[in-house]
Structures are given as structure tokens and as C-alpha cells.
Amino acid sequence: IVVCVVIFVIGVVMNRTDPSNPGSPSWLYMILIAVTLAVAAIPEGIPLCVTISLSIGCSDMVTKNVLVRKLAAVETLGSASVICSDKTGTLTEGKMTLVNMWSGGVAYDVEGKGFDPTVGGIAREGTGKDASSDMGVRSALLAALLCCNTTLSKVKDPETGEEKWEPKGNSSEAPLVVAARKIGFDEGITKEYKRVLEIPFSSSRKMMLTVTDVSGRSELCKGGMPLREGTELLSVCKGAPNFILDFCTEQLMQDGSVAPLTEADKKAVLDVVDAYSSKALRVLAIATRAFGSMPFDTEDEDLTTDQKFEACRKNLRLVGLVASIDPDRDGVPESVLAAREAGIRVVMITGDYLKTAIAIARNVNILQAQDDEAISAVDCARLRPDGKYLPNEQMDLLTSSVRVFARAKPEDKLEIVKSLQRQGAVTAMTGDGVNDAPALNQANIGVAMGIQGTEVAKGASDMILTDDNFCSIVAAVEKGRVIYAGIQKFVAFIMSVHIAEVMQIFF
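In this note's numbering, the protein residues as written are 444 to 950.
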């Protein structure tokens, strides 16, 4: 418009007239020239080209297991400089297998692979001696079952017709159910124990709690830990070891006796956790507490879930640790390397223990030999040392070099995204839970999981991974860059044509 006005003024000053009608006023002729120039200068083909390119890109991405919900996200993908990814089910398969246990100071190996409970068993570490009747093993696995909602059954494969074992429920609970079946606990064992209270796992509590009716029992199960006289209810906590240990005051010993859990004992247990975590194992702690009656007024309807939780988690008894492995997805290490070579920084955000997160990050090439763990991997507690998040300057300094965030809460994801965006990064963020929605909405590209993702997460996202696979994100970014480069070439071409049309006016 400015160019058109300038041309009009210059033409009037120079008294340019219509060569075919010299008697006409110059201002009338220059209005005609200015309007013609405006039509020629506007690149009307660009919106059409961009829309067609993005639409074709959306169609192509479906074949790469990426469902694009917002057309503009295809172009943004081409500019992505940071990918923040969950671990479980995205970088890993999400199919956990129990490989180690610990109870009463004794370590155990869990044999077998996959979800078939008829293959493998539990043996003492180093000796290979069958441990399916050990009190610690039976007590820990039954207590874990009482704090699970996952089931295991045989299903028929619709394609091959073969029957296979398949869990239904939480992927972290599946290996516990399989291991329990290996030592003889059948499918209906939990029906013998009436559940009277359940407080589900949350990212803030880092544990799940149930209260079960065990009235009339002198031991938890046959060969299990003894229950003191007068025990009517049993509270079971299952979750992050460092959180559960804070509430434990005693521990189950190998012979079934109970001993105080001192600070030295807690350090020894955490050393076991560290040893398992350094092998990329996900560790859960199992703890119990016996009651004669509920530790709160069951008739009080004003009690909140958190208040009930706090009443039931006090003075816990540590029963054992269970350690599961979640194999890396095929192709993920190669995709992470490809992203690095393309100038894209891959960041893993997980709720796992720091050492577990570091081990897995090294397996999938997020952390490499030259990366300093002290700088590149942090516990998210460092983001909020006093319960409040760091000031923007300190937060940006911390997140600028970190590739692994461990023990993360959903709200941490939002703060991490904001920090990266303040640094000028175009950020892609993955998520699957309801609490992930704010971070997905804040990110330049919100990526929801198609299999494990909630409808809330999908609704807040820009694109959905239909196979929950990290490799699909990298493939989508690659396609987005191709589309972005194509649009740039077309814009350069069409602008050169229109500039030439404008230049003709001066000659």
C-alpha cells in the first residue's frame, strides 16, 4: 500500500498522463496505475500454496502414526528446536517385567520374561535357591497385590488365534501381578481380602494406599508375615521408595520378626535402590501398617482424601522393594541421535528416581559420554527448593543445559516449557494425563498419546501419536521441516515474480 501511494505521488508530481489519451488528468491515470500495481504486488498465491502444503503434510503424517489436530502445527513442527518427552511408553515400551526383589535384607532374582506367569520363578540372588516360600517374598508380593487394580488373564490373538497372557490395568502393577502368580497366588486370592479404602496414586503423593480387612487372620497369608493379635485392618502403601521410607519406622526381617528402621537402615535401603536404579530399573517400595480400627472417624463426611491418607500412612513397616525393567523402544536411540544431528535438543521428563532416569537416558542416547550428569540431569526438587519455583533468571539458567528432569510433577512440565520458551526455543511437549493439559496447551506443539492418553490431554494437544512412540515425533519433525522448506521456496519464487511486476512501473 505504501509503495502504491508513493508511485501515485511521484506520477502526479511528474505529470504522467495516459499515452493513449494525453488530455486526461495525470491524477486519474496514476490512480489506475496504483490500483494495478496493488493487484500485481499482492501475492495471492501464497495462502493457497500454504494451505495445500499443510493439508498434504497432514495426510502424509497419518502414515507416520501422527494425527494432526491443528493445521498450523505442521509448519511449527519444522521449526521445533526442543522435544520434551515422557519416558514410560514413549521412550520405552511400557511393558515392565520384574527382575529383582529385596526384603528383610535379602536380595532376590526374578526369572522369566514377558507376562507369562508359568515361565520362571523367584530365587535368592547368587545361590539360585528357590525362594517362592520365603516369608519376605510372599509378604511383599501379596501386600503389593492388595494395593493393585491390575488383572492378568489369557486372551486370544485375533490374527494368529494363539492364546497369550495379557494384563489389564496399570503398566507399573503388571509385573507385580505376574510375579505373584509365579509363586502360587492365584487369580482369586484378592477376593479373600475385602478392600475398605483406596486412595489412588497421584503425582504429588507418589504412592497408592489401600486398607484391607484381615480380621480373623494370624498371618498375612500362608507362609507370610505374622499379624499381631487384635489386627482387623491392614494398610498397604506402594510407591516411590524415598517417599515411603520417610513414613516407615520399622521393617520386616527375614525370620518374620520386626525391627526398628533407623536412619542407618534407611541409608542402606536407599543404597539398594540406587544399585537397582543404576541398572535402569524402576523401583517401588511396599510398606504396611496394622490397625485394630480405622485411624479416623469413618462417620465424618468432612474428612478429605488427603486427611484420610495422612492418617493411614503413619508408622509404616517396610516389607520390601520390587524392581522392574521397561525395555527401550526399538529405534528410539537412533531417533534421538538423528534429532541431535538435526540440531534438536531432546529432553526427558519423568517421575522416576534420578539414577533410574540417568541410566535410561544413557541407554537411549539422550545423555552421551561427554555429558556431565551433574549438569545435564537434575531432580525437579531443584526447581522448587523451598516449595516455590526459582526466579525466571535462575530457572532459565538451570533449564538451559539440562536434558533429564527426574521426579517431575505435572506442574513442573509447565514451568519447564515456559522457561525454554523464554530462551527462544520452539518447544514440543508430550503428555498423556489430565494434569499434563496445561503444559500441552502452553507448548508450541502439544503432543498427546493416542493409546495411553486421556481425552483431556488429546483435547489440549496440537497433534496425537497414534502409537505413543517417540520415533513418530522425530519423523513428524522431519516431515515438518520438508514442508516448511517447500513453503519458503514457493514464497521466494512468487515474491520474485511480484517484485519484477512492481519494478516494471518505473521503466
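We put the beta carbon where it would ideally sit given N, CA and C, even for glycine.
Under the three-state reduction of DSSP output, M650 falls in the strand class. Judged by DSSP in its simplified three-state form, Q813 adopts coil rather than helix or strand. The C-beta distance from I642 to F752 rounds to 5 Å, short enough to fall under 8 Å.
S528: member of the beta strand (DSSP E) spanning V525 to S528, first to last residue. Judged by beta-carbon spacing, K856 lies within the 9 Å limit of I792, meaning their Cβ atoms are closer than that value.
The beta carbons of L761 and L688 sit closer together than 9 Å. By the neighbour-count definition (other C-beta atoms within 10 Å, threshold 16), V790 is a buried residue. If you ignore the 5 residues before and after D461, its C-beta comes within less than 6 Å of the C-beta of S467 and Y472, all in its own chain and listed in chain order. Annotation for P610: the continuous beta strand (DSSP E) segment containing it runs E606 to K611. When the Cα atoms are used, N835 and S862 turn out to be separated by approximately 7 Å.
Annotation for M696: G547, G548 and A702 place their beta carbon closer than 8 Å to its own, counting only its chain and skipping 5 residues before and after. Cβ contact annotation for V877 (same chain, cutoff 6 Å, sequence separation greater than five): T897 and V899, in chain order. At the C-beta level, T705 and V679 stay beyond 9 Å of one another. Judged by pairs of C-beta atoms under 8 Å, the segment 483 to 502 touches the segment 934 to 941, as three or more such pairs exist. Note that the C-beta distance between Y796 and A886 is not below 9 Å. Three or more beta-carbon pairs separated by less than 8 Å link the segment 913 to 927 to the segment 506 to 520, which places the two stretches in contact. Rounded to the nearest whole angstrom, the CA to CA distance from K922 to A903 is 22 Å. Residue pairing of W545 in beta bridges, as defined by DSSP: A550 and L764. Within its own chain, the residues whose Cβ lies closer than 6 Å to the Cβ of S469, once the five positions on either side in sequence are excluded, are V455, N458, R459 and T460, listed in chain order. When the five nearest sequence neighbours on each side are left out, the beta carbons in the same chain lying within less than 7 Å of the beta carbon of F686 are those of K649 and M650, in order along the chain.
In this chain, the alpha helix (DSSP H) harbouring V517 covers A515 to L520. In this structure, the beta-carbon distance from T593 to K611 falls below 9 Å. Residue environment: S721 is assigned as exposed (fewer than 16 neighbouring CB atoms within 10 Å of its CB, all protein chains considered). For M696, the three-state secondary structure derived from DSSP is coil.
Note: E662 is bridge-paired with P669 in the DSSP secondary-structure output. Shown here, I499 sits in a helix according to DSSP, grouped into three states.
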